[in-house]
Amino acid sequence: MAGAALAVAAVLGVGGVARWALSGDGDRDTAPAATPATSPAVTPSAAPTIASPAPRPSTAAPRPSSAATTKPPASTPPGHTQVEQGPLWSDGSVRAGGDNAARSEITLKLGEPVTALTITVRVKRTRGFSDQGAVHDVTTARIDSQVIQEPDVLTYRFTLAAGATLGTGTHVFAAKYGHGGGRSAGDDTYRATATTADGEKLTVHGDFH
173 MAGAALAVAA
183 VLGVGGVARW
193 ALSGDGDRDT
203 APAATPATSP
213 AVTPSAAPTI
223 ASPAPRPSTA
233 APRPSSAATT
243 KPPASTPPGH
253 TQVEQGPLWS
263 DGSVRAGGDN
273 AARSEITLKL
283 GEPVTALTIT
293 VRVKRTRGFS
303 DQGAVHDVTT
313 ARIDSQVIQE
323 PDVLTYRFTL
333 AAGATLGTGT
343 HVFAAKYGHG
353 GGRSAGDDTY
363 RATATTADGE
373 KLTVHGDFH
């Protein structure tokens with residue numbers, strides 16, 4: 173009898189322990205399963221825009237154009253003239269001889285001796301015009317002169333004689349005439365051709381402005 177009671181007690185004891193274990197399991201706080209934290213989505217930011225620096229004004233002085241460095245042409249007398257070529261230079265001028273007379277002078281400068289020389293002066297006929305001859309100051313060589321009369325123009329011509337040589341220096345040749353007063357030389361012209369001892373041909377021409 174006593175043995176049976178011990179057996180029952182043992183069974184009950186075991187059952188109690190089992191119930192306690194079960195009861196303990198039911199009362200134990202069970203931590204909820206941790207939800208893995210989700211990192212917030214990162215939106216990639218746009219690459220920063222770097223403003224280009226404003227162009228700095230150039231401090232260098234502008235280079236002059238070829239046109240700016242180019243020298244201006246030398247002034248020339250009015251009209252179609254060529255007063256100089258090589259060693260031959262010329263100038264035309266009018267010298268008054270009173271109220272009713274004048275002489276159109278050609279000044280020649282020779283930088284080299286010449287073996288041939290011809291000078292022509294064309295003078296327009298104006299009111300009261302009259303020829304008074306052709307003159308020059310050459311004394312070292314023979315110069316032939318003549319006056320050719322035309323209806324509207326007189327041509328005074330000076331020519332170095334064949335075989336003669338005119339040396340370097342300045343010489344004056346003039347066409348002399350009378351006129352009715354207040355005469356303009358605007359239509360008068362001259363021309364000179366020469367040949368140097370080396371055979372170079374030279375020509376000058378101009379007016380009396």
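First residue of the sequence shown? That's 173 in our numbering, and the numbers climb one at a time after it. Every residue gets a Cβ at the ideal spot worked out from N, C-alpha and C, and that includes glycine. Since we're looking at a predicted model, the values are computed, not measured.
Taking the DSSP output, what are the residues bridged to residue i?
i, result
"H351", "None, per the DSSP bridge assignment."
"D379", "T361"
"H343", "L280"
"D263", "T279"
"E256", "W261"
"T368", "V286"
"A131", "Residue 131 lies beyond the range of the chain shown here (173 to 381); nothing can be said about it."
Buried or exposed for residue i, please, with buried defined as at least 16 other CB atoms from any protein chain shown within 10 angstroms of its CB.
i, result
"D309", "exposed"
"G264", "buried"
"A366", "buried"
"H252", "exposed"
"K348", "buried"
"G378", "buried"
"D370", "exposed"
"P323", "exposed"
Return the Cβ separation of residue i and residue j in integer angstroms, given the expectation that the two are a contact with Cβ distance under 8 angstroms.
i, j, result
"N272", "G300", "7 angstroms"
"G307", "T368", "Here residue 307 turns out to be Val, not Gly, going by the sequence shown. The pair is not a contact, with the Cβ atoms about 25 angstroms apart (cut-off 8 angstroms)."
"L289", "L332", "4 angstroms"
"A346", "S276", "7 angstroms"
"R298", "H351", "A small fix is needed here, since residue 298 is Thr in this sequence, not Arg. Right, their Cβ atoms sit about 6 angstroms apart."
"R329", "A274", "Not quite, the Cβ-Cβ distance comes to about 19 angstroms (not below 8 angstroms), so this is no contact."
"L282", "L338", "7 angstroms"
"A357", "V255", "Incorrect: roughly 16 angstroms between the Cβ atoms, too far for contact."
"T340", "E284", "6 angstroms"
Legend entry - Meets three-Cβ-pair contact criterion under 8 angstroms: the region 254-262 and the region 316-323: no
Inset, instruction - Mind listing, in chain order, the continuous alpha helix (DSSP H) runs of no fewer than 4 residues lying wholly within the region 278-334? - result: Restricting attention to alpha helix (DSSP H) runs no shorter than 4 residues, the region 278-334 encloses none.
Inset, instruction - Tell me, please, whether the region 358-365 touches the region 276-296 by the rule of three or more beta-carbon pairs shorter than 8 angstroms. - result: yes
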